[in-house]
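From first to last, the protein sequence lines stand for chains A and B.
Residue numbers 1 to 220, in UniProt numbering, belong to the letters of the first sequence in order.
Residue numbers 1 to 220, in UniProt numbering, belong to the letters of the second sequence in order.
Glycine residues also receive a C-beta, built at the ideal position from the N, C-alpha and C atoms.
Report on the structure given below.
Number of protein chains: 2
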Amino acid sequence: MTQTDPLARKLRDGLERLGAALRADQWAALADAPLNPTQAQILNFLVKRGGARVGAVAAELGVSQPTATDSIAALERKGLAQRRAETKDGRATLIFATARGRALNETLQTRVGATDRALAALDPAEQAQLLALFINLIRNLQLEGAIAPQRLCVTCRHFRPYAHDDANAPHHCAFVDAAFGGAALRLDCPDHEEAKEAEEIWLKFSRGAPTGDAAREAVP
Amino acid sequence: MTQTDPLARKLRDGLERLGAALRADQWAALADAPLNPTQAQILNFLVKRGGARVGAVAAELGVSQPTATDSIAALERKGLAQRRAETKDGRATLIFATARGRALNETLQTRVGATDRALAALDPAEQAQLLALFINLIRNLQLEGAIAPQRLCVTCRHFRPYAHDDANAPHHCAFVDAAFGGAALRLDCPDHEEAKEAEEIWLKFSRGAPTGDAAREAVP
DNA sequence: GAAGTTAAATAGGATTCCTATATATCTATC
DNA sequence: GATAGATATATAGGAATCCTATTTAACTTC
């Protein structure tokens with residue numbers, strides 16, 4: 001592909017538009033809070049991961065390492081994050097959210113913005129569709145090396161796509177040993193372990209249910 | 001809704017992730033160009049619209065008006081945009097891309113980044129699905145007043161959803177007087193005219209094809 | 001152990017991005 | 001038509017983001 005195809009170009013424009021709306025939303029949600037969207041995003045990442053290196057923060061935000069250092073310093077000044085030496089590697093620094101940081105993150109994460117409402121207004125089938133498409137895109141970006149590996153179900157060694165007949169919960173997670181449906185697929189699971197045979201799992205997943213109705217819905 | 005529902009929350013996270021990837025992409029694509037993603041986005045907007053007011057630029061980017069003024073000034077310093085008095089309204093300023101600006105925009109828009117490739121890797125049916133979902137979301141945001149009115153087919157008075165029997169091109173545009181399919185729906189059409197009966201058009205569109213197979217695909 | 005690689009910090013600087021306010025101009029009202 | 005209010009932008013002021021290039025320290029490899 002030497003040229004963007006028109007539809008992909010349109011989708012990028014749409015993504016850009018939604019991204020801008022999300023960013024504006026975040027500023028609005030933080031109007032009374034002592035931080036800005038970038039800091040809030042880092043804080044949430046630190047809480048979710050229970051600490052992270054500077055490089056991981058930079059990769060998560062998609063910014064350069066010095067920028068991550070800058071923003072982490074801002075969080076530190078505000079007493080929301082702390083820096084500790086990494087024992088395994090003397091070059092590295094681990095960043096943690098403080099108790100105050102965790103508490104603040106908790107209140108911020110429950111706030112509902114315009115984008116949340118727009119997403120919630122989709123009907124459940126559309127939401128599930130969108131989630132599947134996002135997972136697909138994130139996986140594509142990961143394969144390209146454009147983003148750091150995400151903790152997706154579809155690349156996890158515990159994931160068994162279409163292990164069950166139940167159309168509402170066809171998948172199985174071997175870690176929690178439970179069946180679940182497409183709407184419960186995760187983008188960032190703490191129990192994730194990268195599968196060696198990720199490609200194989202993906203094929204099984206993207207092929208859809210293995211029964212007769214696996215035929216494409218586009219076909220009448 | 002006083003609390004984000006879990007799936008909507010997950011979708012917001014996904015959107016955030018894709019937005020970050022897109023931003024990183026834009027920086028990479030502009031590595032050798034004399035501007036940054038924000039300026040490039042403004043420049044593209046100015047070219048698409050053939051000029052815009054400061055306020056419209058701010059609304060498009062989802063930033064405050066002074067921020068838009070700042071970035072427009074940066075484009076002006078670089079000789080890529082120009083400011084003119086708006087004749088209709090003495091308070092307003094119209095911003096235009098210069099010939100150099102238009103030329104630069106042209107070369108930049110043809111560049112293909114990681115996000116474009118990730119989108120292009122989706123199969124055509126998935127791309128069409130994603131476009132429909134984006135349109136739905138953008139419309140929801142517009143209804144909430146969270147973003148400025150976009151020039152969408154689905155809110156245009158020339159749009160006739162499912163006017164034809166052809167499953168590949170069921171819609172009709174009365175402006176160009178031609179049939180077209182879901183993949184050709186626009187997010188920013190220069191010929192757009194806001195429909196008075198937008199809600200009605202939307203209902204007709206979202207209900208799907210009016211024939212017997214209009215039943216929800218979720219139903220067996 | 002030397003050379004190369006990697007993680008983070010530092011330096012330096014342009015720009016983004018905000019809120020608050022000033023200025024002009026338009027619009028609606030008495 | 002004068003006046004009050006609303007609107008469009010610019011300005012002021014300042015914190016942070018964000019970059020590239022470089023330095024420092026620590027790990028890794030041969």
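Contact list for residue i against chain B, beta-carbon separation under 8 Å
i	result
residue 207 of chain A	Ordered by position in chain B, no residue passes the 8 Å Cβ test against residue 207 of chain A, which lies about 12 Å from the chain.
residue 187 of chain A	10, 13, 14, 17
residue 177 of chain A	Here the premise fails: no neighbours, minimum Cβ distance about 21 Å.
Bridge-paired residues (DSSP) for residue i
i	result
residue 94 of chain A	A/53, A/84
residue 76 of chain B	Looking at the DSSP assignment, residue 76 of chain B forms no beta bridge with any residue, so it has no partner.
residue 172 of chain A	A/160, A/179
residue 194 of chain B	B/156
Burial state of residue i (16 or more Cβ within 10 Å)
i	result
residue 110 of chain B	exposed
residue 106 of chain B	exposed
residue 154 of chain A	buried
residue 23 of chain A	buried
residue 71 of chain B	buried
residue 36 of chain B	exposed
residue 63 of chain A	buried
residue 34 of chain B	exposed
residue 168 of chain A	exposed
residue 16 of chain A	buried
residue 176 of chain A	exposed
residue 77 of chain A	exposed
residue 123 of chain B	exposed
residue 65 of chain A	exposed
residue 207 of chain A	exposed
residue 133 of chain A	buried
residue 170 of chain A	buried
Chain A contact residues for residue i, given Cβ-Cβ distances below 8 Å
i	result
residue 22 of chain B	12, 15, 16, 19
residue 144 of chain B	114, 117, 118
residue 32 of chain B	Near residue 32 of chain B there are no residues of chain A at all, since even the closest Cβ is about 17 Å away, more than 8 Å.
Contacts that residue i makes with chain B (C-beta to C-beta distance below 7 Å)
i	result
residue 147 of chain A	21
residue 121 of chain A	140
Where residue i meets chain A, residues with beta-carbon distance less than 9 Å
i	result
residue 191 of chain B	Neighbours of residue 191 of chain B on chain A: none; closest Cβ ~16 Å, over 9 Å.
residue 166 of chain B	Residues of chain A passing the Cβ test: none, with the nearest at roughly 14 Å.
Option in the options with minimal Cα separation from residue i
i	options	result
residue 90 of chain A	A/53, A/97, A/103	A/53
residue 196 of chain A	A/173, A/170, A/158, A/46	A/158
residue 162 of chain B	B/150, B/181, B/177, B/156	B/181
residue 116 of chain B	A/122, A/137, A/132, A/121	A/137
residue 32 of chain A	A/104, A/42, A/69, A/56	A/104
residue 114 of chain B	A/142, A/125, A/126, A/192	A/142
residue 10 of chain B	A/13, A/130, A/146, A/5	A/130
residue 27 of chain B	B/14, B/209, B/16, B/41	B/41
residue 79 of chain A	A/200, A/43, A/14	A/43
residue 179 of chain A	A/206, A/14, A/55, A/164	A/164
residue 183 of chain A	A/135, A/38, A/200, A/83	A/135
residue 21 of chain A	B/61, B/173, B/25	B/61
residue 192 of chain B	B/68, B/209, B/203, B/174	B/174
residue 67 of chain B	B/148, B/39, B/92, B/83	B/39
residue 95 of chain A	A/203, A/187, A/55, A/202	A/55
residue 190 of chain A	A/50, A/102, A/12, A/120	A/50
residue 147 of chain B	A/148, A/126, A/118	A/118
residue 30 of chain B	B/160, B/201, B/108	B/108
residue 18 of chain B	A/194, A/201, A/200, A/187	A/187
residue 210 of chain A	A/166, A/199, A/13, A/194	A/166
residue 144 of chain A	B/126, B/145, B/120, B/156	B/120
residue 99 of chain B	B/81, B/25, B/87	B/81
residue 221 of chain A	A/171, A/170, A/139	The structure shown has nothing for residue 221 of chain A, since chain A only spans 1 to 220.
residue 156 of chain B	B/59, B/88, B/172, B/198	B/198
Chain-ordered chain A contacts of residue i [CB-CB under 7 Å]
i	result
residue 183 of chain B	7
beta-carbon residue i near the ligand MG non-hydrogen atom, thresh 8 Å
i	result
residue 107 of chain B	Looking for the ligand MG in the displayed structure turns up nothing, as the structure carries no ligands at all.
Can you give me, in chain order, the residues of the stretch 39-72 of chain B that have a beta carbon less than 8 Å from any beta carbon in chain A? Result list: 41, 60, 61, 62, 63.
Please list, in chain order, the residues of the stretch 125-140 of chain A that have any C-beta partner in chain B closer than 8 Å. Cβ contacts with chain B come from 125, 126, 127, 128, 129, 130, 131, 133, 134, 135, 136, 137, 138, 140.
Closer than 9 Å between beta carbons: that is the criterion. Which residues of the stretch 76-99 of chain B meet it against chain A? Taking 9 Å as the Cβ-Cβ cut-off against chain A, none of the residues of the stretch 76-99 of chain B qualify.
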